[in-house]
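Chemist:
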Amino acid sequence: MMLNCGLALKAAAQADSIPLAKTVYVHDADVVQLTGGNVAVGTPLYVDIKGFIFSMEVSAAVKEQTIELSKMHRSCAKIMIGQEVAVKMFTPLSTFDLSFVKLEVDYLQKPASDAHRVEANVEDLEVLFRTHFQAQVLSTRQCFALAFEGVWLKLTVLGLQLVDLDSGTAAKPHTAGTLSAFTEIEFQQGLSGKLHVLSNNMQQRSIFHPDFNFEELGIGGLTTEFSNIFRRAFASRMLPPKMVRELGINHVRGMILHGPPGTGKILIARQLAKFLKAAEPKIVNGPEILNKHVGQSEENIRTLFADAERELEQKGENYQLHVVILDEIDSICKSRGSSHGHDSIVNQLLTKIDGIYKLDNILLIGMTNRIDLLDEALVRQGRLEVHVEISLPDEAGRVEILNIHTQSMREKGYLDPSVSIPALAVQTRNFSGAEIKGLLRSATSFTLNRQLHVQDLGKSINLEEIKVTPDDIELVLTEAKPAFGGHAADFEQCVSRGIMAYSHDFESALRTCSGLANQVRSSDNTPLLMLLLHGPAGCGKTALATHLARSSDFPFVRRVAAENLVGYTAQAKVNAISRVFEDAYKSPLSVIVLDDLERLMDYVRVGPGFSNMLLQAMMLLLKKQPPEELRRLLVIGTSAEPSVLEEVELFHTFNVAIDVPMLSVPEHFRQVLNELPGFTAQAVQEICRKLQDRQIGIKKLLQIAEMAVSRQNPVPCDVFMECLQQCGCV
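According to this note's numbering, the sequence shown is numbered sequentially starting from 335.
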């Protein structure tokens, strides 16, 4: 409540020795004029000067028509010495106690160096503030001086609330109120950034929105990865800053999300940033950093961190988390010194993450498909130290992804109930999350195609019959192949006739190969196994290798053959073969067939000669264990020149070597020819008699038989022997 009586007084300065002074002083005659002489002795007096409420006391040392103000009074009310100010009496109401007050704490005079840094505990500050200012009337933007551990602090009232005694709840914000014993005080760090306001309160810091729910992220199959991210990057940020410093640890400032394309790296980064209670995340693609003007690329990097630097300087440990998401980080952060590197950009990024002035309020999330291309200094501890592989989803993960992408279909009745999500998850091995989404989109196109009529597009569509059925899913699975799945076309031509078990030795070799594939699948001690199939040209090595690869039912199957690398330089061949192995490591179960090892390493008899670069690359790749414990790899090599492999020390790199047998006795030839069309029993008997003591490979025999059938059907013995001679088998 404000009294109408007021007085114009000239401002004067109080003694500099009392900067803590919270009271203004006036002459006794001026007090009588202000109060009208109606105030009882001992009653606290308050005056209103420019909207600020100050305590007032009588002093005989003050001249009449003068009011002595401390430096803090004059500073907050913007009053100059000698200025005439309007002074009014202020009488607080009975319901004038504060329920809450927020104070900004900073230095009274900004220190010149870090030598004056002070860590002020809020509990100690509160005790000291209450001791000096209990029952003091506080008004918004009013300033106070407080001595703390030999340093003068400036406390500014940022906001306050009054208590509603009738309802017992806090009233709406007010401009002034009295500090009472039950007033809640909150201290906020000032803008200088050098004064650290700490708290012993062990309440966790909230960096996620209160309604955060992992299921609402819409990220399927990445529960383990997200748990790892949370543990490494966010767990420490949930603690009070003081406890983090007492633990002697630093927050993680950067992480790398890497893995095959389409596995959800960008999705998890964007969704995570959306649920973080932090500053607006900055999302940028690596190539967007590049600029043709000198120094502009480095300036773009500095701009990404500018807001975080500014806030850390102003608010210190009361900062918000700033998230920078940098996609395709490998495009700008390749190893320094490489021909395609951007050294100055890498240097600028390193300076911002872990330079002289470290930014604890920053979290840089980089994403790449090729973590091996990044500069080593960038991915070490203290920088982008957390490396999380977002790999291909397992079966449980695929179920989650399918449930997410079919949720709307199921709720609206567009998905036929007979479509089994678990069964579809089994059929989509090695599909990435993006490929699963594309598969469902393609299935919907088949569904819509049944209702649309190309010849009559104007015909109405029966919306009630639009349902994605199991038939639509089956049609999609015939055309949609995962990038990290099996390449059936590479194997069909190699084993078009199937496998003919022409001898006991061949059956034994086939059983051994199948057992080795099962060993890789089930044994905990065999994450990598290398099998060499060797024998003369045409003995069926490639057919056996491709049959084993297909029958193993491994989700990732690749064949590396010399005919697919025609025209490649040695370095290009090394890169192509290395890429196949790198892709294999991304799948839980993989088979790689290295067909015709001599041709792959450019071996020629004349000289002899071979490519040492290719040889060394294959030896290193064959010996390299899969990088993950749950990844298993079977490598099958074929060779017609095992002696050459012995000379170049590649033979013993393989764990198991199996000699693929030739057809060498009449019973072997009879077994094969009886299964082929165009051969009578009499002709087979005569042919087998003439092939006595000969050794012919199964591939060569099938070629001769087809050649003979094309000339005369049924095939007489003399025609077959003529073809045999023409094929150089005599």
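Beta carbons are placed, not taken as given, at the ideal position from N, Cα and C, and that holds for glycine.
Given D694, which residues of its chain have a CB within under 6 Å of its CB, disregarding the five upstream and five downstream residues?
Modeler: If you number the sequence shown from 1, residue 694 lands on position 360. Hits under 6 Å: H585.
Chemist: Can you give me the Cβ contacts of V618 inside the same chain, cut-off strictly under 8 Å, excluding the 5 residues immediately before and after it?
Modeler: Your numbering for residue 618 matches position 284 in the sequence shown. Cβ neighbours of V618 within its own chain (closer than 8 Å, five residues either side excluded): L638, V658, I659, L660 and D661.
Chemist: If contacts are defined as beta-carbon pairs under 8 Å, then M935 and L949 qualify, I think. What distance do you get, rounded to the angstrom?
Modeler: Numbered from 1 along the sequence shown, position 601 holds the residue referred to as residue 935. Numbered from 1 along the sequence shown, position 615 holds the residue referred to as residue 949. 5 Å between Cβ atoms; contact.
Chemist: For the alpha helix (DSSP H) holding I413, just list the boundary residues, first then last.
Modeler: Here residue 413 corresponds to residue number 79 of the sequence shown, with the count starting at 1. I413 -> no alpha helix (DSSP H), and no H or E assigned at all.
Chemist: So what's A768 in DSSP terms, helix, strand or just coil?
Modeler: Sequence index remark: in the sequence shown, residue 768 carries index 434 (1-based). In the three-state reduction of the DSSP assignment, A768 falls in the helix class, which pools H, G and I.
Chemist: Got a sec, what are the start and stop residues for the beta strand (DSSP E) E841 sits in?
Modeler: As a first step, residue 841 is located in the sequence shown; it is residue number 507 there, counting from the start. E841 -> not in any beta strand (DSSP E); alpha helix (DSSP H) instead, spanning H838 to S856.
Chemist: If the criterion is Cβ atoms closer than 8 Å, does the pair D930 and A877 meet it?
Modeler: For this step, residue 930 is matched to residue 596 along the sequence shown. For this step, residue 877 is matched to residue 543 along the sequence shown. No, they are not a contact pair.
Chemist: By the 10 Å Cβ neighbour count, where 16 or more other Cβ atoms means buried, how is A740 classified, buried or exposed?
Modeler: Indexing the sequence shown from 1 puts residue 740 at position 406. A quick correction: the sequence has Thr, not Ala, at residue 740. Looking at its Cβ environment, which holds 16 or more other Cβ atoms inside 10 Å, T740 is buried.
Chemist: Please specify which runs of the beta strand (DSSP E), each continuous and at least 3 residues long, are wholly inside the segment 348 to 391, giving them in chain order.
Modeler: Listed in chain order, they are 357 to 360 and 379 to 383.
Chemist: On a CA-only basis, which of G671, I705 and D709 is nearest L683? Give me that one, please.
Modeler: Walking along the sequence shown from the start, residue 683 turns up at place 349. Closest by alpha carbon: D709.
Chemist: DSSP state of G971, grouped into three classes?
Modeler: Within the sequence shown, the letter at position 637 stands for residue 971. Of the three classes helix, strand and coil, the one that applies to G971 here is strand, per DSSP.
Chemist: What do you get for S973, buried or exposed, if any count of 16 or more other CB atoms within 10 angstroms of its CB means buried?
Modeler: Translated into positions along the sequence shown, residue 973 becomes position 639. Buried is the call here.
Chemist: Mapping DSSP to helix, strand and coil, what is G493?
Modeler: Here residue 493 is taken as the residue at index 159 of the sequence shown, counted from 1. Three-state DSSP puts G493 in a strand.
Chemist: Could you tell me if A347 is buried or exposed, where buried requires 16 or more neighbouring beta carbons within 10 angstroms of its beta carbon?
Modeler: On the sequence shown, residue 347 is found 13 positions in, with the first residue counted as 1. The residue is exposed, with fewer than 16 neighbouring Cβ atoms inside 10 Å.
Chemist: For the beta strand (DSSP E) holding T558, just list the boundary residues, first then last.
Modeler: Taking the sequence shown and counting its residues from 1, the one referred to as residue 558 is at position 224. Element bounds for T558: not the beta strand (DSSP E) but the alpha helix (DSSP H), T557 to I563.
Chemist: Assign Q538 to one of three DSSP states: helix, strand, or coil.
Modeler: Counting from one through the sequence shown, the residue named residue 538 turns up at place 204. At Q538 the pLDDT is 49, less than 50, meaning the model places this residue with poor confidence; the figure from the coordinates comes in the next sentence. Reduced to three states, the DSSP call for Q538 is coil.
Chemist: Buried or exposed: F516, going by 16 or more other Cβ atoms within 10 Å of its Cβ?
Modeler: Working through the sequence shown from its first residue, we reach residue 516 at position 182. By the neighbour-count rule (16 or more Cβ atoms within 10 Å), F516 is not buried but exposed.
Chemist: Using only alpha-carbon positions, find the residue among E841, I590, I770 and R775 that is nearest to I724.
Modeler: As a position in the sequence shown, residue 724 is number 390, starting the count at 1. In this structure, I590 is the residue among E841, I590, I770 and R775 with its C-alpha nearest to the C-alpha of I724.
Chemist: Rounded to the nearest angstrom, what separates H838 and V994 at their Cα positions?
Modeler: Walking along the sequence shown from the start, residue 838 turns up at place 504. Walking along the sequence shown from the start, residue 994 turns up at place 660. Answer to the nearest angstrom: the Cα atoms are 12 Å apart.
Chemist: Measure the alpha-carbon distance for D887 versus N634 and round it to whole angstroms.
Modeler: Counting from one through the sequence shown, the residue named residue 887 turns up at place 553. Counting from one through the sequence shown, the residue named residue 634 turns up at place 300. Rounded to whole angstroms, D887 to N634 spans 49 Å at the Cα level.
Chemist: With a threshold of 6 Å on Cβ separation, who are the neighbours of I833 within its own chain once the five nearest residues in sequence on each side are excluded?
Modeler: Position 499 of the sequence shown holds residue 833. Within the same chain, I833 has close Cβ partners H881.
Chemist: In the DSSP assignment, find the unbroken beta strand (DSSP E) run with A991 in it and report its ends.
Modeler: Here the question's residue 991 lines up with position 657 in the sequence shown. A991 -> beta strand (DSSP E) spans V990 to D993.
Chemist: Around the Cβ of L1036, are there at least 16 other Cβ atoms within 10 angstroms (buried) or fewer (exposed)?
Modeler: Indexing the sequence shown from 1 puts residue 1036 at position 702. With 16 or more other Cβ atoms inside 10 Å of its own Cβ, L1036 counts as buried.
Chemist: Tell me which residue opens and which closes the beta strand (DSSP E) that H466 is part of.
Modeler: Taking the first residue of the sequence shown as position 1, residue 466 is located at position 132. Element bounds for H466: not the beta strand (DSSP E) but the alpha helix (DSSP H), V456 to F467.
Chemist: Can you tell me which of the three DSSP states S1037 falls into?
Modeler: Stepping through the sequence shown from its first residue, residue 1037 is reached at position 703. Inspection of the sequence shows that residue 1037 is occupied by Gln rather than by Ser. Note: Q1037 maps to helix in three-state DSSP.
Chemist: For Q853, which residues in the same chain have their Cβ closer than 6 Å to its Cβ, ignoring the five residues on either side in sequence?
Modeler: Here residue 853 refers to the residue found at position 519 of the sequence shown. Closer than 6 Å at Cβ, skipping near neighbours: T860.
Chemist: What runs of the alpha helix (DSSP H), each 4 residues or longer, lie entirely inside the segment 579 to 648?
Modeler: 599 to 609 and 620 to 623
Chemist: Reducing DSSP to helix, strand and coil, say where V1018 ends up.
Modeler: Reading the sequence shown from its first residue, position 684 is the one you call residue 1018. In this structure, V1018 counts as helix in the three-state DSSP scheme.
Chemist: Could you check the C-alpha separation between F463 and L480 for me, to the nearest Å?
Modeler: On the sequence shown, residue 463 is found 129 positions in, with the first residue counted as 1. On the sequence shown, residue 480 is found 146 positions in, with the first residue counted as 1. About 7 Å.
Chemist: Check whether the segment 747 to 762 touches the segment 610 to 624, taking contact to mean three or more Cβ pairs, one atom from each stretch, closer than 8 Å.
Modeler: no
Chemist: Only counting the same chain, and skipping five residues up and downstream in sequence, which positions put a Cβ closer than 7 Å to that of L641?
Modeler: Taking the sequence shown and counting its residues from 1, the one referred to as residue 641 is at position 307. It should be noted that the sequence gives Asp, not Leu, for residue 641. The residues are A613 and H656.
Chemist: Pull up the distance between the alpha-carbon of S776 and that of A757, whole angstroms please.
Modeler: Here residue 776 refers to the residue found at position 442 when the sequence shown is read from its first residue. Here residue 757 refers to the residue found at position 423 when the sequence shown is read from its first residue. The straight-line gap from Cα to Cα measures roughly 18 Å.
Chemist: Taking its Cβ as the centre, do 16 or more other Cβ atoms sit within 10 Å of S742, making it buried, or is it exposed?
Modeler: Counting from 1 along the sequence shown, the entry for residue 742 is found at position 408. S742 is exposed by the Cβ-count criterion.
Chemist: May I have a chain-ordered list of the beta strand (DSSP E) segments no shorter than 3 residues that lie completely inside the segment 718 to 782?
Modeler: 718 to 723
Chemist: Comparing alpha-carbon positions, which option in S885, P889 and F840 lies nearest L867?
Modeler: Against the sequence shown, residue 867 aligns to sequence position 533. Residue F840 is the option with its Cα nearest to L867.
Chemist: On the three-state DSSP scale, how would you describe Q905?
Modeler: Your numbering for residue 905 matches position 571 in the sequence shown. Here Q905 sits in helix by DSSP.
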